[in-house]
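Position in the sequence shown (first residue = 1) + 10 = my numbering. Here a beta-carbon is modelled for each residue, glycine too, at the ideal position from N, C-alpha and C. Structure record follows, encoded as structure tokens.
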Amino acid sequence: MFDEENLKSLDEENLKSHIEKWKSILQLKDWNIKLELVTKEWRKTGDVKVDQADKVAIVLINNFNPKQTNIEAVIVHELIHIKLWGMDQMIENLFHCVYGEDENDIKYSFAYTQFMELLESTVQDLTKGYVELGACDKSLSYGRIQKQADDEWK
Ligand SMILES: [Zn+2]
11 MFDEENLKSL DEENLKSHIE KWKSILQLKD WNIKLELVTK EWRKTGDVKV
61 DQADKVAIVL INNFNPKQTN IEAVIVHELI HIKLWGMDQM IENLFHCVYG
111 EDENDIKYSF AYTQFMELLE STVQDLTKGY VELGACDKSL SYGRIQKQAD
161 DEWK
């Protein structure tokens, strides 16, 4: 028997098992982490909402038009964001102390952009390392540049 509903629920259980596996590896066992599948057009492949004080988080995964093929890697990426959340928020609060909260202020936006790029590249480097060491699917996702390459010649 093969129908779409079965396939979706199988996928969801598989994603939940990835979350449990990586929660343990990343020392996040005392967190409650819920999975939500996004089932309509969405510009992202994954995201995470975090409440540090309550140690709860919601991992959002694009199940409609994912832009990356290695979903386990997306889960690892989002869980590393939870791991770094305290530091991430501390630095963001420091920006507010130093530069205020005006997103149009050039100093604020420069510092914030630098920080976000550094945060994302650090999270992604750690993700690649963990995926290579312990993921079921070790394939590297080339994401948006793969589409650019495909558009170029295919
Ligand atoms: Zn990220």
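Taking the alpha helix (DSSP H) that D112 belongs to, which residues open and close that run? The residue labelled residue 112 in the question sits at position 102 within the sequence shown. Looking at the DSSP string, D112 is not in any alpha helix (DSSP H), and its letter there is neither H nor E.
May I ask you to report which of helix, strand or coil DSSP gives A63? Working through the sequence shown from its first residue, we reach residue 63 at position 53. Three-state DSSP puts A63 in coil, outside helix and strand.
Rounded to whole angstroms, how far is the Cβ of H87 from the Cβ of T137, which I believe are closer than 8 Å? Residue 87 sits at position 77 when you count from the first residue of the sequence shown. Residue 137 sits at position 127 when you count from the first residue of the sequence shown. About 4 Å separates the two Cβ atoms, so the contact holds.
Can you tell me which of the three DSSP states D147 falls into? One-based indexing of the sequence shown puts residue 147 at position 137. D147: coil per DSSP, three-state reduction.
Using the C-alpha atoms, what's the distance from D161 back to K33? Locating residue 33 in the sequence shown gives position 23, counting from the first residue. Locating residue 161 in the sequence shown gives position 151, counting from the first residue. C-alpha separation (whole angstroms): 37 Å.
Can you give me the Cβ contacts of L36 inside the same chain, cut-off strictly under 6 Å, excluding the 5 residues immediately before and after it? Position 26 of the sequence shown, counted from the start, is the residue given in the question as residue 36. Here L36 has L89, K93 as same chain residues with Cβ atoms under 6 Å from its own Cβ, once five neighbours each way along the sequence are excluded.
What is the chain-ordered set of residues for which the beta carbon lies under 6 Å from any non-hydrogen atom of ligand 1? With 6 Å as the limit, the residues whose C-beta approaches a heavy atom of ligand 1 more closely than that are H87, H91, E130, V133, in chain order.
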